[in-house]
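Visitor: With the first letter of the sequence shown counted as 1, position 286 gets the number 285 in numbering that gives the first Met the number 0; the numbers rise by one all the way through. By construction, the Cβ of each residue, glycine as well, lies at the ideal position given by its N, Cα and C atoms. Here it is: the structure, laid out below.
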Amino acid sequence: MEKQFLSILPQDKNVLDMRMKKITNKSKTFLGTLIQQIRTVSEQNQANVFDYKLYNVSNRALESIDELQHYPEDIRESIFSQQYIALGLTFDIHERKYQMFLFYPVSSIAKAAKIQEDIRKIYNWLHVVHNHANEGCSKTMTVYIYMTDNKKTMPTSKTQELDRIHVNSAFTTSCSEHTVLNVFREEEWFKCFIHETFHNLGLDFSHSNNTSGDEYIHQLFHIISDVRLYETYCEMWAEMIYLMFYTYKKQQTIQQHLESFEEKLFIEQQFSLFQSAKILHHYNLNHYNQLMDKSARALYKDKTPTFSYYILKSIFMYHIDEFLQWCIDTNGHSLQFSTNHSESILLYCQLIQKIYKNKNFVRSIMYAYNIVKTENKKKSIMKTLRMTIQG
């Protein structure tokens, strides 16, 4: 799908007016530190062979898993309509205990090497994130990952509000001593896993009172949406960290890895604009600036935080260096959102207010909108609601 996306973009990259500031040395230093952490853990565990057990899973066994009751109905039906093999394993990382269950359809059971690679990515990320996580969060974590082939796609009707079945792939709880994490699509599964760990390892601010932040956003954008501002923070970092894993090659230097990461990040920045434009078009908003008009309340209504996942995220993606600089200045060289949540949430909102009307950003998203408006809607790239395009 990445090739299809790139094929509909103009050959002249300047047409998109992607006049983003280059990532500054200050930001590159922090990104380089994270890349080094990922490289170190990946190289240490490259030869690891993980012991796991395989189980044939009956529908009766699936019915006993309480978490499934919280999955979207279409996903549950898909899971119960197929035969699955479950992979189970447990491991410790320092004082944290993890129990993993990965479910693969029998019809497309992954090869042993692929299973080992899936486990290794999970294990490596949990090693990296351990030093950033809140000490009191997820002393034990149970993970369920269902490799279903259900895709995130646009509704078939423009009168239909965007809901979990169109947008979401995973869920968990905020920071607590014992947590359960669920992923229910193979599509983007590892990026989604990273995103959810930002919630249950206490890296975001979902366990704080978010009322003031959401009210602030509703003063800027006149929409009916359960904003959940913390989702933008989790998604921004999940996508960047996913790209760091995606671009990893054993023989690279850190500088080469960083350059490869930046190259792939540029594609995601463009895709983020494209997906946001698609959301605007779905809700019959003819211009990004309509979101600031009170008339938008009659048009933009969702049943899941699409505004944070797509629109606000695209603002940060376009202004990637401002986002990174803010994180460094507020959080230090940690992925964990500042512990002074109330003050930091206000500063986070003020950053959005500073950049959300940037003329170059508005011009770029409207160029993407014109592509969406004129492109053949039957193409898979026009239907997808993926949040990343690579991998």
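#1: Considering just the uninterrupted stretch of the alpha helix (DSSP H) at Arg38, what are its terminal residues?
#2: Rounded to the nearest angstrom, what separates Glu195 and Ser307 at their Cα positions?
#3: Please give the ranges of any alpha helix (DSSP H) in the region 66 to 151, keeping only runs that are unbroken, at least 4 residues long and fully inside the region.
#4: State whether the region 128 to 139 contacts the region 326 to 338, with contact taken as three or more CB pairs (one from each stretch) at a distance under 8 Å.
#5: Would you mind giving the Cβ-Cβ distance between His280 and Val371, rounded to the nearest angstrom? I have them listed as a contact below 8 Å.
#6: Would you identify the three-state DSSP class for Tyr299, choosing helix, strand or coil?
#7: So, Gln98 versus Met140, is the Cβ gap smaller than 9 Å?
#8: Taking the C-alpha atoms as reference points, what is the distance between Ile7 and Asp301?
#9: Going by Cα to Cα distance, which pick from Arg385, Lys293 and Gln35 is closest to Asn123?
#10: Please determine, among Tyr317, Ile344 and Ile351, the residue with the shortest C-alpha to C-alpha distance to Ile22.
#11: Could you check what DSSP says for Ile392 in three-state terms: helix, strand or coil?
#12: Per the DSSP calculation, Asn55 is bridged to which residue(s)?
#13: Ordered along the chain, which non-local residues of its own chain (more than five positions away) have a Cβ less than 6 Å from that of Ser205?
#14: Under three-state DSSP, which class holds Asn375?
#15: Is the Cβ-Cβ distance between Val142 and Phe100 less than 9 Å?
#16: Can you check which of these residues, Asn181, Ala112 and Gln268, is closest to Leu5 by C-alpha distance?
#17: What does DSSP give as the partner residues of Asn181 in its beta bridges?
#18: Hey, is the region 162 to 171 in contact with the region 63 to 78, meaning 3+ C-beta pairs nearer than 8 Å?
#19: In whole angstroms, what separates the C-alpha of Thr259 from that of Tyr215?
#20: The alpha helix (DSSP H) that contains Asp328, what's its start and end?
#21: Compute the Euclidean distance between the alpha carbons of Pro304 and Ser224, then round it to the nearest angstrom.
Guide: Let me lay it out:
#1: Taking the sequence shown and counting its residues from 1, the one referred to as residue 38 is at position 39. Residues Asn24 to Gln43.
#2: Position 196 of the sequence shown, counted from the start, is the residue given in the question as residue 195. Position 308 of the sequence shown, counted from the start, is the residue given in the question as residue 307. Glu195 and Ser307: Cα-Cα distance of roughly 15 Å.
#3: 72 to 79 and 111 to 129
#4: yes
#5: In the sequence shown, residue 280 corresponds to position 281, counting from 1. In the sequence shown, residue 371 corresponds to position 372, counting from 1. So it is a contact: roughly 5 Å between Cβ atoms.
#6: Here residue 299 refers to the residue found at position 300 of the sequence shown. If DSSP states are grouped into helix, strand and coil, Tyr299 belongs with coil.
#7: The residue given as residue 98 occupies position 99 in the sequence shown. The residue given as residue 140 occupies position 141 in the sequence shown. It is a contact, given that the beta carbons lie within the stated cut-off.
#8: Here residue 7 refers to the residue found at position 8 of the sequence shown. Here residue 301 refers to the residue found at position 302 of the sequence shown. Those two C-alpha atoms are separated by around 28 Å.
#9: Reading the sequence shown from its first residue, position 124 is the one you call residue 123. For the residues Arg385, Lys293 and Gln35, the minimum Cα distance to Asn123 belongs to Gln35.
#10: As a working note, residue 22 is residue 23 in the sequence shown. Cα-wise, what sits closest to Ile22 is Tyr317.
#11: Outside the displayed span of the chain (0 to 390) sits residue 392, for which this structure offers no information.
#12: Walking along the sequence shown from the start, residue 55 turns up at place 56. Answer is Ile84, bridged to Asn55.
#13: Here the question's residue 205 lines up with position 206 in the sequence shown. Cβ within range, chain order: Ser173, His198 and Tyr229.
#14: Taking the sequence shown and counting its residues from 1, the one referred to as residue 375 is at position 376. Note: Asn375 maps to coil in three-state DSSP.
#15: Taking the sequence shown and counting its residues from 1, one reaches residue 142 at position 143. Taking the sequence shown and counting its residues from 1, one reaches residue 100 at position 101. Cβ distance < 9 Å, so Val142 and Phe100 count as in contact.
#16: Working through the sequence shown from its first residue, we reach residue 5 at position 6. The shortest C-alpha separation from Leu5 is found at Gln268.
#17: For the purposes of this step, residue 181 is identified with residue 182 of the sequence shown, where counting begins at 1. Answer is Tyr143 and Phe170, bridged to Asn181.
#18: yes
#19: To locate residue 259, count along the sequence shown from 1; it is residue 260. To locate residue 215, count along the sequence shown from 1; it is residue 216. What sits at residue 259 in the sequence shown is Ser, not Thr. If I take the Cα positions, the gap works out to 36 Å.
#20: Here the question's residue 328 lines up with position 329 in the sequence shown. It spans Ile319 to Asn330 - the alpha helix (DSSP H) in which Asp328 sits, taken as one unbroken run.
#21: Taking the first residue of the sequence shown as position 1, residue 304 is located at position 305. Taking the first residue of the sequence shown as position 1, residue 224 is located at position 225. Taking the straight line joining both Cα atoms gives about 7 Å.
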